[in-house]
Amino acid sequence: MSSKLEQLQALVAPVVEALGYECWGIEFLSQGRHSLLRIYIDHANGVLIDDCEKVSRQVSGVLDVEDPISAEYTLEVSSPGMDRPLFTLEQFASFVGEQVKIKLRSPFEGRRNFQGLLRGVEEQDVVVQVDDHEFLLPIDSIDKANVIPRFD
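In structure tokens form, the structure reads like this:
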């Protein structure tokens, strides 16, 4: 995790949790002069637009005071949704048995994209079965991971 992301996580997570939500994860996409800070929140009863607005107002206030992002940025607060992004080993462990899509920062065994069955977590690796081959992907090399929704 980059130091900027760690800094944002340290600022944002306590605010989200103080409002009664789980801070599921944070994405910070720096795109030149216009960046995007996306915060995923979760709650046992689900997340509605009012919840996102409430968190957005509180986080916005903290970010205005602390000013961790020097350039212009857009703040988005969202539920993880059905194609839930996965950020931590604990999150991966709780979705064992689900189909996942994983994109790595750099190629592993000649590829960056993996789609298959989430088999588990071993130490700092995520275990994914693609067809009949198991891959151990280091959590630190994962750029993006999502659960693939099932409609059955």
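Numbering (my numbering), first residue to last: 362 to 513.
A virtual CB, placed ideally from N, CA and C, is assigned to each residue, including glycine.
Nothing here was measured: the structure is a model prediction, and the numbers come from that model.
Alpha carbon of residue i to alpha carbon of residue j, nearest angstrom
i: residue 447; j: residue 470; result: 22 Å
i: residue 390; j: residue 430; result: 11 Å
i: residue 452; j: residue 418; result: 27 Å
i: residue 404; j: residue 492; result: 34 Å
i: residue 401; j: residue 384; result: 6 Å
i: residue 487; j: residue 496; result: 8 Å
i: residue 509; j: residue 472; result: 19 Å
i: residue 442; j: residue 379; result: 22 Å
i: residue 412; j: residue 481; result: 32 Å
i: residue 376; j: residue 370; result: 10 Å
Candidates the options, of which the one nearest residue i by Cα
i: residue 461; options: 450, 410, 479 and 436; result: 479
i: residue 499; options: 485, 401, 492 and 451; result: 485
i: residue 396; options: 385, 504 and 366; result: 366
i: residue 438; options: 399, 467, 377 and 456; result: 399
i: residue 502; options: 369, 415 and 474; result: 474
i: residue 494; options: 511, 476, 504 and 483; result: 476
i: residue 392; options: 372, 464 and 435; result: 435
i: residue 449; options: 371, 458 and 505; result: 505
As assigned by DSSP and simplified to three states, the class of residue i
i: residue 457; result: coil
i: residue 368; result: helix
i: residue 490; result: strand
i: residue 439; result: strand
Integer-rounded CB distance, given that residue j should sit under 8 Å from residue i
i: residue 416; j: residue 440; result: Going by Cβ atoms, the distance from residue 416 to residue 440 rounds to 11 Å, so no, they are not a contact pair.
i: residue 463; j: residue 426; result: Not a contact, Cβ separation roughly 36 Å.
Entirely within the segment 370-436 and at least 3 residues each: give me those beta strand (DSSP E) ranges in chain order. Restricting attention to beta strand (DSSP E) runs no shorter than 3 residues, the segment 370-436 encloses them at 383-390 and 395-403, ordered along the chain.
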